[in-house]
Amino acid sequence: MSILQHTTFYTSVNRLHDLPSHAGIEVAFAGRSNAGKSSAINTLTNRGRLAFVSKSPGRTQLINFFQLGDDRFLVDLPGYGYAKVPFAIRRHWQDLLSTYLQTRKTLFGLVLIMDVRHPLKPLDIQMLDWFAPTGKSVHILLTKADKLSRQQANNTLREVRAYLLNSYPQCSVQLFSSLSAKGIDETMIVLNNWFGISSASENKTSETK
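Numbered per the working numbering, the sequence shown finishes at 214, counting up by one with no gaps.
So this is what it looks like as structure tokens:
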């Protein structure tokens, strides 16, 4: 059983000074509005409503912390790139996201969500530019892979991977679909490594339940 299946809500913050203090590990999820971030989190945690899936992109305005136990946290960052959000709110999100990504010492890695049909948009590149100087790992999920044929999805994956190799070598990338559950195992391997969880310890935890 995955440790993510024990994920529980911890807190929400809208200001940097309200970020929780702890000595553990955080893994953040970020992505453009309507790219499938909340659906990916819900699929990975096997919790249908853990992350709120809004019909109005840009509605999630808070940094949401979810606790996995033992000072491990999954952090759901506000979606970005939704034009109808007022400028003042967009500016606040930009400052909040950039500062969090660049300065948060407990942040171990970033899972960046991109719609496979529209990858590497300017704001996605901006997110990578904010985070790259930290030297920390980035794993990209090309979501909604079920919307393309296998050949189309694989072609996009190769193109994105080639771009990242030249520009952001600390990034890894994969296909993902919340609808078909494609890519869950591959993503969990990455997350387990980041959270310092071995397969043996995870199996042992499952056996004791």
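Note that beta-carbon positions come from the ideal geometry of N, C-alpha and C, so glycine has one too.
For residue i, I'd like the list of residues in its chain whose CB is within less than 8 Å of its CB, leaving aside the five on either flank, ordered along the chain.
{"i": "Ala-167", "result": "none"}
{"i": "Val-58", "result": "Legend: pLDDT at Val-58 = 47, less than 50; position of this residue unreliable, no value from coordinates given."}
{"i": "Tyr-173", "result": "Leu-133, Ala-137 and Val-143"}
{"i": "Leu-49", "result": "Ser-7, Leu-9, Ile-189, Thr-192, Met-193 and Leu-196"}
{"i": "Ala-158", "result": "Val-121, Leu-147, Ala-150 and Leu-180"}
{"i": "Lys-187", "result": "Ala-150, Asp-151, Leu-180 and Phe-181"}
Could you give the first and the last residue of the continuous beta strand (DSSP E) run that contains residue i?
{"i": "Ile-118", "result": "112-120"}
{"i": "Ile-145", "result": "142-148"}
{"i": "Ala-35", "result": "30-36"}
{"i": "Phe-71", "result": "68-74"}
{"i": "Val-18", "result": "13-18"}
{"i": "Val-178", "result": "176-180"}
Have a look at the options and flag the residue whose alpha-carbon is nearest the alpha-carbon of residue i.
{"i": "Gly-74", "options": "Leu-102, Ala-28, Leu-101 and Tyr-105", "result": "Ala-28"}
{"i": "Arg-122", "options": "Phe-113, Arg-155 and Ala-93", "result": "Arg-155"}
{"i": "Ile-130", "options": "Asn-51, Cys-176, His-97 and Lys-149", "result": "Cys-176"}
{"i": "Arg-96", "options": "Arg-20, Thr-12 and Ile-202", "result": "Arg-20"}
{"i": "Leu-117", "options": "Leu-128, Ala-93, Gln-10 and Arg-109", "result": "Leu-128"}
{"i": "Val-80", "options": "Gln-99, Leu-106, Gly-41 and Ala-93", "result": "Leu-106"}
{"i": "Val-32", "options": "Ile-68, Arg-52 and Asp-23", "result": "Ile-68"}
Keeping to the same chain, check which residues put their C-beta closer than 6 Å to that of residue i; ignore five residues upstream and five downstream.
{"i": "Ser-103", "result": "Trp-135"}
{"i": "Arg-77", "result": "Gly-29, Ile-30 and Phe-200"}
{"i": "Ser-185", "result": "Asp-151"}
Let's see if you can read the secondary structure: which residues bound the alpha helix (DSSP H) around residue i?
{"i": "Arg-77", "result": "Taken as a continuous stretch (DSSP letters only), Arg-77 belongs to no alpha helix (DSSP H), being part of the beta strand (DSSP E) at 77-81."}
{"i": "Asp-100", "result": "92-108"}
{"i": "Leu-125", "result": "Run containing Leu-125: none; DSSP gives neither H nor E here."}
Going by the C-beta, is residue i closer than 7 Å to any heavy atom of the ligand ADP?
{"i": "Ser-183", "result": "The model depicted lacks the ligand ADP and carries no ligand whatsoever."}
Going by DSSP, name the residue or residues bridged to residue i.
{"i": "Gln-157", "result": "In the DSSP output, where bridge partners are listed per residue, Gln-157 has none listed."}
{"i": "Lys-42", "result": "DSSP lists no partner for Lys-42."}
{"i": "Tyr-85", "result": "Arg-37"}
{"i": "Lys-152", "result": "None; Lys-152 has no bridge partner."}
Return the chain-ordered list of same chain residues with a C-beta closer than 7 Å to the C-beta of residue i, the five sequence neighbours on each side being excluded.
{"i": "Thr-16", "result": "Pro-25 and Phe-70"}
{"i": "Val-178", "result": "Ile-145, Leu-147, Leu-162, Val-165, Arg-166 and Leu-169"}
{"i": "Pro-124", "result": "Leu-147, Thr-161 and Val-165"}
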